[in-house]
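Okay, structure coming up:
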């Protein structure tokens with residue numbers, strides 16, 4: 065608003081005195097200086113100190129949201145790997161005629177690779193050995209990491 | 012039969028437990044809800060629905076605007092007639108014409124500028140809710156670095172643009188309109204120069220905000236995209252080195268996550284695009300209609316021969332052009348960002 069007010073005041077003064085009289089020339093010069101000051105003063109008040117903090121805050125938020133997304137994906141991936149591995153074991157057990165329940169453990173530090181399994185159910189020692197070997201060979205879960213209940 | 016039932020149960024057991032609840036787009040603001048397509052077969056149908064709804068919402072405002080334009084034409088005609096009868100009172104006539112035209116146009120201009128400002132603020136608020144969802148979805152697809160960089164840039168520029176529009180462009184627009192009226196009334200070079208400077212500053216600043224944002228998005232997309240692609244490749248190599256059956260399970264799981272996160276991301280993105288369009292379509296159509304009507308009025312008024320009045324109407328149409336540009340810039344910024352998110356990681 066200051067710029068508009070200054071411009072109108074200067075325009076009226078110049079309109080009244082004209083450009084050709086000595087007073088008019090002085091008014092033109094003063095108007096120019098006044099307009100320059102009015103335009104430049106607000107520019108000198110602009111500060112940029114908050115921008116770097118704002119950028120840092122945004123970067124922090126960004127990594128928080130990205131981590132949330134990656135975490136959700138990892139949890140879903142874990143669920144899928146766990147359920148598929150369990151289904152794989154149950155499928156074999158079913159073909160062997162065994163009634164068992166399976167709970168697979170994943171190695172969170174190593175790409176969620178199945179690292180252990182808890183098997184519960186009444187199974188003959190022969191079938192147990194057969195299934196243990198099968199799990200070790202196909203899924204890479206060592207016999208000592210297979211718990212039978 | 013027993014085998015079939017067992018196989019069926021096994022099949023159910025193998026269904027991937029991926030839910031779509033995590034990456035759903037936030038609901039569009041209440042004012043935009045009625046312009047959101049409820050059911051659409053294609054993207055084009057959705058767009059067509061939004062445009063149709065906005066055009067039907069425009070009709071009552073258009074009648075008022077046409078009335079004002081007819082009044083303006085009548086005023087300019089009257090001023091031209093009076094001016095041709097007594098050339099000695101040309102200055103007074105110019106002053107009166109400027110005041111009357113200014114009074115007639117400032118009120119609708121004010122309400123349209125407010126409409127544009129509200130749209131920009133709503134877009135900014137919606138963007139701040141929508142962008143985190145897209146960031147998380149892209150990160151779930153394995154694009155954590157890219158999505159984080161895009162989030163930072165988008166939110167930074169949206170905040171910057173909103174603050175810039177509300178604190179600088181809007182006051183500058185009012186200053187511009189006041190200077191136009193004053194210039195028409197007093198016809199001084201200085202006022203014309205200041206007016207042209209304000210006009211140049213607004214055009215230049217809006218244009219450069221969009222240029223810098225587009226440049227940032229392009230560069231970030233290329234650099235961060237390479238980092239994410241390398242990380243994904245390394246993960247795939249690691250999976251292929253695992254025990255065959257386990258490797259296949261890991262690979263399937265990773266693929267399922269990538270595909271499902273991609274589907275959810277795109278669904279959220281399409282909803283987001285519709286929401287952004289629904290927010291800005293009414294201000295855009297209304298301001299656009301006024302802009303065109305004022306341009307037409309200015310052209311018709313120019314025929315009557317009173318140049319300052321026709322120029323003032325032309326200046327007001329330019330002012331509406333700025334209101335249109337600021338709404339369009341905010342809308343474009345969000346749309347570009349959403350499309351970039353949707354294009355990321357496939």
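Chains as they are written, first to last, in our numbering: chain A, 65 to 213; chain B, 12 to 357. Glycine residues also receive a C-beta, built at the ideal position from the N, C-alpha and C atoms.
Does the beta-carbon of residue 120 of chain A have 16 or more other beta-carbons within 10 angstroms, so that it is buried, or is it exposed?
-> Start at 1 with the first residue of the first chain, and residue 120 of chain A comes out as number 56. Flag for residue 120 of chain A reads exposed.
Closest to residue 181 of chain B by CA distance: which of B:197, B:274 and B:338 is it?
-> Taking the second chain and counting its residues from 1, the one referred to as residue 181 of chain B is at position 170. Residue nearest to residue 181 of chain B within the set B:197, B:274 and B:338 is B:338 (criterion: CA-CA distance).
Which residues, taken in chain order from the region 188 to 203 of chain A, show a beta carbon closer than 7 Å to some beta carbon of chain B?
-> Residues of the region 188 to 203 of chain A whose Cβ lies closer than 7 Å to any Cβ of chain B, in chain order: 202 and 203.
May I ask you to verify whether the region 165 to 179 of chain B touches the region 67 to 75 of chain B, counting CB pairs closer than 8 Å and requiring at least 3?
-> Put simply, the region 165 to 179 of chain B does not touch the region 67 to 75 of chain B. Fewer than three CB pairs are less than 8 Å apart.
For residue 122 of chain B, the three-state DSSP class (helix, strand or coil) = As a working mapping, residue 122 of chain B is identified with position 111 in the second chain. Reduced to three states, the DSSP call for residue 122 of chain B is helix.
Cβ neighbours of residue 212 of chain B in the same chain (closer than 8 Å, five flanking residues each side left out) | In the second chain, the residue the question calls residue 212 of chain B occupies position 201. Hits under 8 Å: 183.
Under the rule that 16 or more other beta-carbon atoms within 10 Å means buried, what is residue 75 of chain B, buried or exposed?
-> Counting from 1 along the second chain, the entry for residue 75 of chain B is found at position 64. It counts as exposed.
Proximity winner among B:232, B:93 and B:294, relative to residue 336 of chain B (alpha-carbon distances) | Counting from one through the second chain, the residue named residue 336 of chain B turns up at place 325. Sorting B:232, B:93 and B:294 by C-alpha distance to the C-alpha of residue 336 of chain B places B:294 at the top.
Beta-bridge partners of residue 181 of chain A, as assigned by DSSP | Looking up residue 181 of chain A in the first chain gives position 117. For residue 181 of chain A, the beta-bridge partners assigned by DSSP are A:168 and A:210.
Report buried or exposed for residue 129 of chain A, applying the criterion of at least 16 other Cβ atoms within 10 angstroms of its Cβ.
-> If you number the first chain from 1, residue 129 of chain A lands on position 65. Buried.
Return helix, strand or coil for residue 356 of chain B, following the three-state DSSP convention.
-> Within the second chain, the letter at position 345 stands for residue 356 of chain B. Looking at residue 356 of chain B - three-state DSSP - the assignment turns out to be coil, as it is neither helix nor strand.
With a 10 Å radius around its C-beta and 16 neighbouring C-beta atoms as the bar for buried, classify residue 163 of chain B as buried or exposed.
-> Walking along the second chain from the start, residue 163 of chain B turns up at place 152. Looking at its Cβ environment, which holds 16 or more other Cβ atoms inside 10 Å, residue 163 of chain B is buried.
Taking Cβ positions only, does residue 158 of chain B come closer than 7 Å to chain A?
-> Residue mapping note: residue 158 of chain B aligns to position 147 of the second chain, counting from 1. Answer yes: the Cβ-Cβ gap between residue 158 of chain B and chain A drops below 7 Å somewhere.
Among B:147, B:342 and B:48, nearest to residue 57 of chain B - alpha-carbon criterion = For the purposes of this step, residue 57 of chain B is taken as residue 46 along the second chain, with counting starting at 1. Ranked by Cα distance from residue 57 of chain B, the first of B:147, B:342 and B:48 is B:48.
Since residue 212 of chain A meets chain B, which of its residues come closer than 8 Å, beta carbon to beta carbon?
-> Counting from one through the first chain, the residue named residue 212 of chain A turns up at place 148. Listed along chain B, no residue sits closer than 8 Å to residue 212 of chain A by beta-carbon distance, the nearest being about 21 Å off.
DSSP state of residue 45 of chain B, grouped into three classes?
-> Taking the first residue of the second chain as 1, we reach residue 45 of chain B at position 34. The three-state reading of DSSP puts residue 45 of chain B in coil, since its state is none of H, G, I, E or B.
Got a sec: which bits of the region 159 to 190 of chain A sit with their beta carbon under 8 Å from any beta carbon on chain B, in order along the chain?
-> Sequence-ordered contacts of the region 159 to 190 of chain A with chain B read 175, 176, 177 and 178 [C-beta pairs closer than 8 Å].
Three-state secondary structure (DSSP) at residue 198 of chain B?
-> Sequence index remark: in the second chain, residue 198 of chain B carries index 187 (1-based). For residue 198 of chain B, the secondary structure class from DSSP, reduced to helix, strand or coil, is coil.
When the Cα atoms are used, what is the spatial distance from residue 259 of chain B to residue 127 of chain A?
-> Position 248 of the second chain, counted from the first residue, corresponds to residue 259 of chain B. Position 63 of the first chain, counted from the first residue, corresponds to residue 127 of chain A. Taking the Cα positions, residue 259 of chain B is about 31 Å away from residue 127 of chain A.
Flag residue 139 of chain A as yes if its beta-carbon sits less than 7 Å from any beta-carbon of chain D, otherwise no.
-> The chain inventory of the structure shown lacks chain D, comprising the protein chains A and B.
Do the region 130 to 148 of chain B and the region 300 to 311 of chain B make contact, defined as three or more Cβ pairs closer than 8 Å?
-> Result no; under three Cβ-Cβ pairs closer than 8 Å.
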